[in-house]
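*Asks:*
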Amino acid sequence: MKLLTIYGSPTPPGKLSRALDILADSVRSEPGWTHERLAPGERLSFTTAIWPEDAAAAVASADAVVIGSPVFRAAPPGTLKLLIDSLSVEDLRSKPVALLTVAAAQEHALASERHLRDVLAWFGALTAPNSLFLQDVALAQESVDDDTRRALGDLARQVLRLAERTHDLDIGPTPLAARRS
Ligand SMILES: Cc1cc2nc3c(=O)[nH]c(=O)nc-3n(C[C@H](O)[C@H](O)[C@H](O)COP(=O)(O)O)c2cc1C
Numbered sequence: 052m053k054l055l056t057i058y059g060s061p062t063p064p065g066k067l068s069r070a071l072d073i074l075a076d077s078v079r080s081e082p083g084w085t086h087e088r089l090a091p092g093e094r095l096s097f098t099t100a101i102w103p104e105d106a107a108a109a110v111a112s113a114d115a116v117v118i119g120s121p122v123f124r125a126a127p128p129g130t131l132k133l134l135i136d137s138l139s140v141e142d143l144r145s146k147p148v149a150l151l152t153v154a155a156a157q158e159h160a161l162a163s164e165r166h167l168r169d170v171l172a173w174f175g176a177l178t179a180p181n182s183l184f185l186q187d188v189a190l191a192q193e194s195v196d197d198d199t200r201r202a203l204g205d206l207a208r209q210v211l212r213l214a215e216r217t218h219d220l221d222i223g224p225t226p227l228a229a230r231r232s
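When you line the sequence shown up against the working numbering, it's residues 52 to 232, in that order.
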């Protein structure tokens, strides 16, 4: 089975990327699981990057997904929304998805998550109940503390266990988006 981690930021790999690397490392000891990273390709500006042509296929072929999002102006970055806008309902429907947010301000702990939960509901994704918020200072250095590492491993394990237990379930009702198309 495959876990896809999404680097949902237009910025060059930094603190969010470090967090996703730690999370991905924890998947190495999980029998039957592989990991793949999806990140934007070409960066058009400081705040905008575009995704590889096969980005939607990478999401579609994943058994579980972790979306890593920074907070930009009290919301997820537009670059992450560009990826989401390119997906079809079937790419995420009934798929376990966990949310990781990294931001500078503690007050913005839910700033990205609350929007992403709405969007994932539209797809009928199986959004994991426990998200993880990390303040960027915790990831500023190469050495990241044990509590943060443990929390990232827990986030990964949550979505892997959800995928193992639900992969053959037919989860209804049909999401509104699929009923309209
Ligand atoms: C354009 C821009 C807008 C940002 N807006 C916010 C914000 O509204 N709230 C916040 O807590 N952090 C904000 N940040 C900080 C990032 O969310 C934070 O540093 C995140 O970890 C990205 O760091 P990274 O690129 O090293 O991964 C902003 C960063 C940028 C570049």
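Ideal placement from N, C-alpha and C gives every residue a C-beta, glycine not left out. The structure presented is a predicted model; accordingly, all values stated were derived computationally and were not measured.
Need the endpoints of the alpha helix (DSSP H) that A70 sits in, please.
*Replies:* 66-78
*Asks:* Is H159 near ligand 1, with its Cβ less than 7 Å from a heavy atom?
*Replies:* It does: the Cβ of H159 is within 7 Å (strictly closer) of some heavy atom of ligand 1.
*Asks:* Work out the CA separation of V195 and A108 for me, nearest whole Å.
*Replies:* 33 Å
*Asks:* Just the Cα atoms here: how many angstroms apart are V188 and W173?
*Replies:* Within the model, the alpha-carbon separation for V188 versus W173 is close to 33 Å.
*Asks:* Quick check on the DSSP output: the beta strand (DSSP E) that includes R93 runs from which residue to which?
*Replies:* Sequence check: residue 93 is Glu here, not Arg. No beta strand (DSSP E) contains E93, which DSSP labels as neither H nor E.
*Asks:* Can you have a look at S182 and say buried or exposed, based on whether 16 or more other CB atoms are within 10 angstroms of its CB?
*Replies:* Counting of Cβ neighbours within 10 angstroms places S182 among the buried residues, the total reaching 16 or more.
*Asks:* Mark A90 as exposed unless 16 or more other C-beta atoms lie within 10 angstroms of its C-beta, in which case mark it buried.
*Replies:* buried
*Asks:* Short check: CB of V122 to CB of A229, under 8 Å?
*Replies:* Using a Cβ distance threshold of 8 Å, V122 and A229 do not count as a contacting pair.
*Asks:* For A125, I'd like the list of residues in its chain whose CB is within less than 7 Å of its CB, leaving aside the five on either flank, ordered along the chain.
*Replies:* Within its own chain, the residues whose Cβ lies closer than 7 Å to the Cβ of A125, once the five positions on either side in sequence are excluded, are H159, A162, listed in chain order.
*Asks:* Please go through the same chain and pick out, in chain order, the residues whose beta-carbon is closer than 7 Å to the beta-carbon of E93, but skip the five residues on each side of it.
*Replies:* Taking E93 as the centre and dropping the five residues before and after it, the same chain places the C-beta of A100, I101 closer than 7 Å to its C-beta, in chain order.
*Asks:* If G175 sits next to R212, beta carbons under 8 Å apart, how far is it from one beta carbon to the other, in whole angstroms?
*Replies:* With 8 Å as the limit, G175 and R212 do not qualify as a contact, their Cβ atoms being about 20 Å apart.
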